[in-house]
Each structure stands twice: as C-alpha cells, then as structure tokens.
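Engineer:
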Amino acid sequence: MLDSTTVQRPSTVAGLFAGIGGLELGLSRAGFEAELLCEWWEPAQAVLKHQFPDVPLHGDIQDLKHLPDVDVVTAGFPCTDLSQAGRTAGIHGEASGLVKHLFELLAEASPTWVVIENVRNMLVLDRGTAMEYLVTEFERLGYRWAYRLVDSRFTGVPQRRQRVIMVASRTHDPRTVLFADDAGEPGVEHYRDDAYGFYWTEGRTGLGWAQDALPTLKGGSSLGIPSPPALWVRDAPTGRAIVTPDLTDAETLQGFPANWTAPAQAFGRSGTRWKLVGNAVTVGVAQWLGKRLRTPGSPIDMVCGILPKGDRWPTAAWGDADQRWSVDASMWPERQPYRHLLESVDLAKAVPLSLRATAGFYGRLEVSRLRYDESFGLAVKRHAEWMASPMAEAVPRR
Ligand SMILES: C[S@@+](CC[C@H](N)C(=O)[O-])C[C@H]1O[C@@H](n2cnc3c(N)ncnc32)[C@H](O)[C@@H]1O
C-alpha cells in the first residue's frame, strides 16, 4: 500500500546530464547530497568541479556502468532534438536519445525516486512520441510516474520558463511529490508594467513577449547561437530603453548565485556561458521538488480524467502500467515572493541592443502579422535611429 506517511526520507542524489548542476544545487538546498555527477561537456565539467569539488564526476554517460546506491536519480537529458529552437529529430535523435542510457542504468538500480526534466515541446513533438517513450520505459521497469508542467516564475524569478518535471518511483506515489501543491496562476496584478522581455532574434511568428519577466533563457536560438533576450524598459530614455541583460543577471534569473558559471570563462566566448545557463534547471524549481521529495504531501483534490493511450499529452498527468490519468494542475505549485524584472536586471550593466540586431528585429516586426503594443514598436524604431546616430558611439558593446 502506498502511503505518504511511510515515505522514507531520501537524501542522496546521482545527477546525470548534470550541466551546471541546477537540479543538484536546488536539491542540495532542500537537504540532499550529490554522490555522483555525470556530464561530458568540458565547460560544464569545469563549473561542476568548482562548485561541487567533493563529488565524483563521470564524463560520458555511455560509459557509465552503474549508478551508486542513491535515493534520487536526476536526468535533465539533452533537449536538442526536442525543443523548438533545436533540431526536432525527436526522442531517438542523437542527443536526446541518450536518455535510453538512463533506463539501462535503472534496470540494475533501485533509487526511491527518478526525476526527469525537459522542454514543454516534448509534450507535442511527433504527436507525443517522446512522452510515450518515457512513460512506457518507466512502466516496463515497474515504475509509477507523474509529470507536471511548471513555470519558473512560481519560484519568484522573473523568467517565464515552462518545463516538464517528471517524477517516477517503484515504491512510492509520485503524486505526493508533484501534486501536493497548487497555488494557481496569478492575475495581471501580480506583475508591474514598467518592463517587458522579448526575443529580438524572433519577430516573424512570435516575440516571446513577457510582462515584467524575460522569456525563457535558451541554450540555443533560431539563429543557432545562444543569445540573450532583450528587455524594453518603458520609461527609460532613448538609447537605454532596449537593452540586453548581463550574463550574471541571467544566472540569478535561473536562481544561481551571480558568477556561478565563471569557471567556464576559460572556454572562450561568452556564448558558452549563456548556453550553460540557458540549459539549466531553475534552482528554485529543483528546491521545491527537493522539499517535496523529502517531505511528500497529500495530493490535493484536482480534477482528474482517464487518459487513453494515444491521446494528446495534457500539461499534467500520472499513471502506471494499468491506467493513465490527466490532472488539472496549474503551472504554479506555489507563489513565492516575486522579484520584479527591474529589481533583477542591473540596468547599469545592461547593454543597448546593437544597431544591427535592432534594425533586423524591427524589419521582421514590420512585415510580420504580429500584434504588439504600438509604443513598443515606436521604442524599437527610436532605438534603431539612436544607435545609428553619433550619440551611440560611446555605448558599450557586447
Ligand atoms: C539540458 S542539459 C542539463 C542541464 C542541467 N540539468 C542543469 O541544471 O544545468 C543536458 C546536459 O547533458 C550533457 N550531455 C550531453 N551528452 C552527454 C553524454 N554523452 N554524457 C553526459 N552528459 C551529456 C550536455 O552537455 C548538457 O550539459
């Protein structure tokens, strides 16, 4: 009988595809200790070695023979083939397909919990093939599973980032972790109207528009390189109104201390650090998860419905080999105190968006059918004119 009161308290973790350790840092804040990290990319390894100096670090997951005896195994496996910004080859693509090694390792291991994290697009890509693969693998191994789409803003950071968190266990009920909290999405009064985030690399089919927040920080972009989103500071003077945040602000918008990725600086261009930060799990999300893994709660009464095999994947669900259920859970399990965008971005360090980037963005915006705030369009236009003027010569460039 599964019962939240008999849940053994997990306290050790093995972090696969550890990146810069967003999951592991959050879990450590909830009382976990990492016993193994697995990550093969050198810049990420440099960060992990510096930030988790006492934890054994393994390179390529393809050569990892077994998992240590831990309570939790985490796997934020590569999203390269699943995300809209990536190649969309799917769950059997070269990078995302590496998740199969997680299941091979689990066949010989008995963690209490397994945690997977990935992009929202995984729910819909290839009509849900990736999700079907993941749940079928868990079910084949005798795991009960649950997943929930969550928005990082619930942790108080002004970054709209929607990610699927999946929790599975052979012995426990994952609903006691993922569905024990629901604060519901807040209304507009939660946000200020003095700054807006957007993706200057877009502008044709979308903007990534976010009020009082930045859109998702990404490991890659439609231009192929990781690039920061921009923000429009509504009342700033022309020349300072369309800016990109500093990398250290991006780190804190992901819940890390500023300069967490500094050990990767030796690997060259700042694009590498942006990519590391964009790939990471928001630390506060992992901390909430860690709190619930240590102290599961009672699943709250949410509307559930039978989820037939082959149906669209909803934003939250749970199941096992016998039955699957959709769950009407919001993306906001909690509502932690919100740090507004202008409290989170240091405008003195923010750099005006370059003339080239602004002009390109404005050109796309003008020919697009997108609806956007007229004063925003005007601010972008004025910014492009200002950046073309001699006044812009003294402006710092990135
Ligand atoms: C989405 S990121 C994970 C981010 C991580 N959860 C964090 O919070 O920083 C996926 C990671 O898998 C790593 N990876 C890709 N192939 C790998 C392999 N063969 N072995 C180990 N790690 C690999 C990538 O370098 C990348 O850092």
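In our numbering, the protein residues as written are 306 to 703. No residue lacks a Cβ here, since even glycine has one placed at the ideal position from N, Cα and C.
Around the C-beta of residue 564, are 16 or more other C-beta atoms found within 10 angstroms, so that it is buried, or is it exposed?
Structural biologist: As a working note, residue 564 is residue 259 in the sequence shown. Exposed.
Engineer: Would you kindly check if the distance between the Cβ of residue 418 and the Cβ of residue 377 is under 8 Å?
Structural biologist: As a working note, residue 377 is residue 72 in the sequence shown. As a working note, residue 418 is residue 113 in the sequence shown. Yes, the pair counts as a contact, with Cβ atoms nearer than the cut-off.
Engineer: From the DSSP secondary-structure annotation, give me the bridge partner or partners of residue 631.
Structural biologist: In the sequence shown, the residue the question calls residue 631 occupies position 326. 610 and 622, per the DSSP bridge assignment.
Engineer: Once DSSP output is grouped into helix, strand and coil, what is the label at residue 438?
Structural biologist: Residue numbering aside, residue 438 sits at position 133 when the sequence shown is read from its first letter. The answer is helix: DSSP assigns residue 438 an H, G or I state.
Engineer: Only counting runs of 4 or more residues, tell me where the alpha helix (DSSP H) segments fall wholly within the stretch 388-436, in order along the chain.
Structural biologist: The qualifying runs are 405-411.
Engineer: Taking the beta carbon of residue 623 as the centre, do at least 16 other beta carbons fall within 10 Å, making it buried, or is it exposed?
Structural biologist: In the sequence shown, residue 623 corresponds to position 318, counting from 1. Per the 10 Å Cβ criterion, buried.
Engineer: Comparing alpha-carbon positions, which option in 538, 546, 599 and 585 lies nearest residue 556?
Structural biologist: By 1-based counting over the sequence shown, the position of residue 556 is 251. Among 538, 546, 599 and 585, the Cα nearest to that of residue 556 belongs to 585.
Engineer: Have a look at residue 536 and residue 523 and give me their C-alpha separation to the nearest angstrom.
Structural biologist: To locate residue 536, count along the sequence shown from 1; it is residue 231. To locate residue 523, count along the sequence shown from 1; it is residue 218. So the alpha carbons of these two residues sit roughly 15 Å apart.
Engineer: Could I get the ranges of all uninterrupted alpha helix (DSSP H) runs contained in the stretch 472-515, with 4 residues as the minimum, in chain order?
Structural biologist: Entirely contained in the stretch 472-515, the alpha helix (DSSP H) runs reaching 4 residues are, in chain order, 480-483.
Engineer: Between the stretch 681-689 and the stretch 564-584, do at least 3 Cβ pairs fall closer than 8 Å?
Structural biologist: The stretch 681-689 vs the stretch 564-584: no contact.
Engineer: Please tell me whether, using a cut-off of 7 Å, the distance from the CB of residue 345 to the nearest non-hydrogen atom of ligand 1 is below it.
Structural biologist: In the sequence shown, counting from the first residue as 1, residue 345 sits at position 40. Yes, the beta carbon of residue 345 sits closer than 7 Å to at least one heavy atom of ligand 1.
Engineer: So the candidates are 416, 395, 477 and 367; which of them puts its Cα closest to the Cα of residue 439?
Structural biologist: For the purposes of this step, residue 439 is identified with residue 134 of the sequence shown, where counting begins at 1. Out of 416, 395, 477 and 367, 395 has the C-alpha closest to the C-alpha of residue 439.
Engineer: Should residue 596 be labelled buried (16 or more other beta-carbon atoms within 10 Å of its own) or exposed?
Structural biologist: Sequence index remark: in the sequence shown, residue 596 carries index 291 (1-based). Looking at its Cβ environment, which holds 16 or more other Cβ atoms inside 10 Å, residue 596 is buried.
Engineer: State buried or exposed for residue 566, treating a residue as buried only when at least 16 other CB atoms are found within 10 Å of its CB.
Structural biologist: Counting from one through the sequence shown, the residue named residue 566 turns up at place 261. Buried is the call here.
Engineer: Let me check you understand the geometry: is the CB of residue 366 closer than 7 Å to at least one non-hydrogen atom of ligand 1?
Structural biologist: As a first step, residue 366 must be located in the sequence shown, where it is residue number 61. Checking the Cβ of residue 366 against ligand 1 gives yes.
Engineer: Going by DSSP, what residues sit across from residue 319 in a beta bridge?
Structural biologist: Walking along the sequence shown from the start, residue 319 turns up at place 14. DSSP output for residue 319 lists 341 and 378 as bridge partner(s).
Engineer: Can the beta-carbon of residue 319 be found closer than 8 Å to that of residue 372?
Structural biologist: For the purposes of this step, residue 319 is identified with residue 14 of the sequence shown, where counting begins at 1. For the purposes of this step, residue 372 is identified with residue 67 of the sequence shown, where counting begins at 1. Yes, the Cβ-Cβ distance between residue 319 and residue 372 is below 8 Å.
Engineer: Are residue 656 and residue 548 close, meaning C-beta to C-beta below 8 Å?
Structural biologist: What you label residue 656 is simply residue 351 of the sequence shown in a count that begins at 1. What you label residue 548 is simply residue 243 of the sequence shown in a count that begins at 1. The answer is yes: Cβ separation under 8 Å.
Engineer: Is residue 584 near ligand 1, with its Cβ less than 7 Å from a heavy atom?
Structural biologist: Taking the first residue of the sequence shown as position 1, residue 584 is located at position 279. Yes, ligand 1 has a heavy atom inside 7 Å of this Cβ.
Engineer: The beta strand (DSSP E) that contains residue 536, what's its start and end?
Structural biologist: In the sequence shown, the residue the question calls residue 536 occupies position 231. Here the beta strand (DSSP E) through residue 536 covers 535-538.
Engineer: Would you mind reading off the limits of the beta strand (DSSP E) that contains residue 452?
Structural biologist: Counted from its first residue, the sequence shown places residue 452 at position 147. 449-456 is the span of the beta strand (DSSP E), which, as asked, contains residue 452.
Engineer: Assuming the contact rule is C-beta atoms closer than 8 Å, residue 381 and residue 324 should be a hit. Round their C-beta distance to whole Å, please.
Structural biologist: The residue labelled residue 381 in the question sits at position 76 within the sequence shown. The residue labelled residue 324 in the question sits at position 19 within the sequence shown. Indeed they touch by this definition, with Cβ atoms about 6 Å apart.
Engineer: Given residue 544, which residues of its chain have a CB within under 8 Å of its CB, disregarding the five upstream and five downstream residues?
Structural biologist: Here the question's residue 544 lines up with position 239 in the sequence shown. Closer than 8 Å at Cβ, skipping near neighbours: 657, 688, 691, 692, 696, 697 and 700.
Engineer: Beta-carbon within less than 7 Å of residue 605's beta-carbon, same chain only, minus the 5 sequence neighbours each way: which residues are those?
Structural biologist: Sequence index remark: in the sequence shown, residue 605 carries index 300 (1-based). 484, 485 and 487.
Engineer: Verify whether the separation of the beta carbon atoms of residue 464 and residue 521 is less than 8 Å.
Structural biologist: Position 159 of the sequence shown, counted from the start, is the residue given in the question as residue 464. Position 216 of the sequence shown, counted from the start, is the residue given in the question as residue 521. Result yes, Cβ atoms of residue 464 and residue 521 sit closer than 8 Å.
Engineer: Leaving out five residues before and five after residue 365 in sequence, what residues of the same chain have Cβ atoms less than 6 Å from its Cβ?
Structural biologist: As a first step, residue 365 is located in the sequence shown; it is residue number 60 there, counting from the start. Excluding residues within five positions, the ones whose Cβ falls inside 6 Å are 345.
Engineer: Please state whether DSSP places residue 549 in a helix, a strand or coil.
Structural biologist: The residue given as residue 549 occupies position 244 in the sequence shown. Correct three-state label for residue 549: strand.
Engineer: With distance defined between alpha-carbon atoms, name the residue in 451, 507, 637 and 627 nearest to residue 492.
Structural biologist: Against the sequence shown, residue 492 aligns to sequence position 187. Per the Cα distances, 637.
Engineer: On the three-state DSSP scale, how would you describe residue 650?
Structural biologist: For the purposes of this step, residue 650 is taken as residue 345 along the sequence shown, with counting starting at 1. Here residue 650 sits in coil by DSSP.
Engineer: Between which two residues does the alpha helix (DSSP H) carrying residue 255 extend?
Structural biologist: With the chain running from 306 to 703 in the structure shown, residue 255 is simply not present.
Engineer: Report yes or no: do three or more beta-carbon pairs, one from the stretch 444-457 and one from the stretch 634-651, lie closer than 8 Å?
Structural biologist: Counting Cβ pairs under 8 Å, three or more are found: they touch.
Engineer: Can residue 383 be considered in contact with ligand 1, in the sense that its beta carbon sits closer than 7 Å to one or more heavy atoms?
Structural biologist: Looking up residue 383 in the sequence shown gives position 78. At least one heavy atom of ligand 1 is nearer than 7 Å to the Cβ of residue 383, so yes.
Engineer: Alpha carbon to alpha carbon, what distance is there between residue 643 and residue 517?
Structural biologist: Along the sequence shown, read from residue 1 onward, the residue named residue 517 stands at position 212. Along the sequence shown, read from residue 1 onward, the residue named residue 643 stands at position 338. One C-alpha to the other measures close to 10 Å.
Engineer: Report back the beta-carbon spacing between residue 322 and residue 343 to the nearest angstrom; my notes put them in contact at under 8 Å.
Structural biologist: In the sequence shown, residue 322 corresponds to position 17, counting from 1. In the sequence shown, residue 343 corresponds to position 38, counting from 1. Going by Cβ atoms, the distance from residue 322 to residue 343 rounds to 7 Å, so yes, they are a contact pair.
Engineer: In the DSSP output, what is residue 683 paired with across the bridge?
Structural biologist: For the purposes of this step, residue 683 is taken as residue 378 along the sequence shown, with counting starting at 1. Residue 683 is not bridged to any residue.
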